[in-house]
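>
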Amino acid sequence: MEIITAVRGFKDILPKETGKWQYIEKLAREILADFGFREIRIPILEKTELFKRSIGESTDIVEKEMYTFLDRGDEYLTLRPEATASVIRAYLEHAMYSQDPVARLFTIGPMFRRERPQKGRYRQFHQINAEVLGLDDPRTDAEVILVLLQFLMRAEISDLRLQINSLGCKECRPSFRKALSDFLRGKEGQLCKDCQRRLGANPLRVFDCKTVDCIKIINDAPQIIDFLCPDCMDHFTKVKEALSMFEIGFEVNPKMVRGLDYYAKTTFEVVTEHLGAQNAVAGGGRYDGLLKDLGGPDIPGIGFAIGIERLISISSLTDEKFFAPPQLFIAAIGDRAQKLAFYVCNRLRTIGIQAEMGYGGKSLKSQMKRADKLFSRYALILGEREISENKAEFRDMRQGTQETIVLDHLEETITRIVKGS
Ligand code: HAM
14 MEIITAVRGF KDILPKETGK WQYIEKLARE ILADFGFREI RIPILEKTEL FKRSIGESTD
74 IVEKEMYTFL DRGDEYLTLR PEATASVIRA YLEHAMYSQD PVARLFTIGP MFRRERPQKG
134 RYRQFHQINA EVLGLDDPRT DAEVILVLLQ FLMRAEISDL RLQINSLGCK ECRPSFRKAL
194 SDFLRGKEGQ LCKDCQRRLG ANPLRVFDCK TVDCIKIIND APQIIDFLCP DCMDHFTKVK
254 EALSMFEIGF EVNPKMVRGL DYYAKTTFEV VTEHLGAQNA VAGGGRYDGL LKDLGGPDIP
314 GIGFAIGIER LISISSLTDE KFFAPPQLFI AAIGDRAQKL AFYVCNRLRT IGIQAEMGYG
374 GKSLKSQMKR ADKLFSRYAL ILGEREISEN KAEFRDMRQG TQETIVLDHL EETITRIVKG
434 S
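End of the sequence shown = 434 in our numbering, gap-free, step of one.
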């Protein structure tokens, strides 16, 4: 019978990798805490309506990538494709703004998008997601980008490029939309079927198209940056000034529209050559107006999400760095020795020493082979004869030296040596 495998695009994170994952998550928590962010944990399942209304009906995510099902004939639910909508839902539902509209929230966890799996693109992937609500100051945009870059740098990611853009606001977007529409209408016949449809619903989405012909057309299309109203222009200038204060290098990419409809004003992505086609390791932007659109007060917001799989695949952190071998391996020959080993091994574990022991019935040679394989720092060798003589052999596996120790005060002796090293 064949074994059952994981679902396509869903990936196991194996023990040899989890050390790095834990480190990355811990680092994110530390840095985000330094910048005043607090953790929020939200469900992975939400009402489908939430994503339709926030991400936008005409986006690829909502149109074709969501895992949606009818829950027992009751209501449509969706596995979250991203976290921003859920964070805002929670902020509004719990009226978190009533005490203080300013909230810095972060969440870490799995997201689900039914995309075509390939290197760096999965159907279940993980994000570190951070949001700042209640601040419309352009300096906040720079601050959010600073946290992101600070984290990526400490996670040992190199060759990064920060790209920024402004998508304008409700004031200036309509004139851009019209100009873009007019331009695309003139070339409608050359656009792919998807883009012809997008043209009616939301011409901005044509920028997301990966078809060679559409990309060519978009290259000459009008750019939002030329349509910004004075307020959006001023905001963008101030964001750039604030970035320069921290000597943060950036490129303005006027074609970066992001794949979600909720953005207004500043958007950004961090890209790297090392990721191939899926070149964004993180992305985000401002979404003033979204909270109001979701039925809440008119509170501004900005945030980002980092793809953990992509981050880990390009980080120079190695798995070995997080490999934690046992501090002590106990080899025990014979019943009496096995019993003592079992007791000592578990006692040591209860006082914070990472101990392992050999399995009964195996020869000393094979038990020591296992100690080697596990890269144990020290080994304690217990045999029937040693026990009757009230002693045991203690080996320093790194130095290759061995000494005889007495069994009285065994725990104290071992603790002293192991913790002292
Ligand atoms: P996003 O650009 O859709 O933004 O995703 C952010 C990051 O998640 C990407 O840069 C990428 O690293 C990772 N990612 C996305 N899709 C996949 C996938 N299929 N497989 C692996 N990694 C993936 C958002 O999700 C917004 N919610 C970000 C945001 C927060 N904007 C404001 N606040």
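We put the CB at the ideal spot given by N, CA and C, even for glycine.
All values reported here derive from a predicted model rather than from experimental measurement.
Using a Cβ-Cβ cut-off of 6 Å (strictly less than) and excluding sequence neighbours within five positions of residue 236, which residues of its own chain qualify?
Excluding positions up to five away in sequence, the list reads 267.
> Could you tell me which whole beta strand (DSSP E) segments of length 3 or greater appear in the region 55-79?
Counting whole runs of 3 or more residues, the region 55-79 contains the beta strand (DSSP E) stretches 58-60.
> Taking the alpha helix (DSSP H) that residue 309 falls in, what are its first and last residues?
Looking at the DSSP string, residue 309 is not in any alpha helix (DSSP H), and its letter there is neither H nor E.
> In angstroms, rounded to a whole number, what distance separates the CA positions of residue 3 and residue 182?
What the structure shows of the chain is the stretch from 14 to 434, and residue 3 is not part of that stretch, so it cannot be assessed.
> Would you please state the rounded distance, in angstroms, between the beta carbons of residue 442 and residue 44? I believe it to be under 8 Å.
Because the chain spans 14 through 434 in this model, residue 442 falls outside it and cannot be assessed.
> Under 8 Å between the Cβ atoms of residue 252 and residue 279?
Yes, the pair counts as a contact, with Cβ atoms nearer than the cut-off.
> Under the rule that 16 or more other beta-carbon atoms within 10 Å means buried, what is residue 107, buried or exposed?
Exposed is the call here.
> Only counting runs of 3 or more residues, tell me where the beta strand (DSSP E) segments fall wholly within the region 170-225, in order along the chain.
Here the runs fully enclosed are 173-179.
> Are there 16 or more other CB atoms within 10 angstroms of the CB of residue 153, so buried, or fewer, so exposed?
Buried, because 16 or more other Cβ atoms sit within 10 Å of the Cβ of residue 153.
> Please classify residue 68 as buried or exposed, where buried requires at least 16 neighbouring CB atoms within 10 angstroms.
Burial call: buried.
> Name the DSSP bridge partner or partners of residue 243?
Paired residue(s): none; residue 243 is not in a bridge.
> Pull up the distance between the alpha-carbon of residue 88 and that of residue 176, whole angstroms please.
Answer to the nearest angstrom: the Cα atoms are 40 Å apart.
> Could you check if residue 120 is buried or exposed, using at least 16 other CB atoms within 10 Å of its CB as the buried criterion?
That one is buried.
> Within the present structure, is the beta-carbon of residue 357 separated from the nearest heavy atom of the ligand HAM by less than 7 Å?
The answer is no for residue 357.
> Have a look at the DSSP bridge pairing and note the partners of residue 394.
For residue 394, which the question treats as bridged, DSSP gives the partners 344 and 406.
> Roughly how many angstroms separate the alpha carbons of residue 248 and residue 151, rounded to a whole number?
C-alpha separation (whole angstroms): 6 Å.
> Is it the case that the Cβ atoms of residue 317 and residue 159 are separated by a distance below 8 Å?
Cβ atoms of residue 317 and residue 159: not closer than 8 Å.
> Pull up the distance between the alpha-carbon of residue 330 and that of residue 170, whole angstroms please.
Looking at the two C-alpha atoms, the distance is approximately 9 Å.
> Should residue 153 be listed as close to the ligand ATP, given that the test is whether its C-beta is under 7 Å from any heavy atom?
Of the ligands this structure carries, namely the ligand HAM, none is the ligand ATP.
> DSSP state of residue 263, grouped into three classes?
Looking at residue 263 - three-state DSSP - the assignment turns out to be coil, as it is neither helix nor strand.
> Quick check on the DSSP output: the beta strand (DSSP E) that includes residue 415 runs from which residue to which?
Element bounds for residue 415: 414-419.
> So, with DSSP's three-state summary, where would you put residue 337?
Three-state DSSP puts residue 337 in coil, outside helix and strand.
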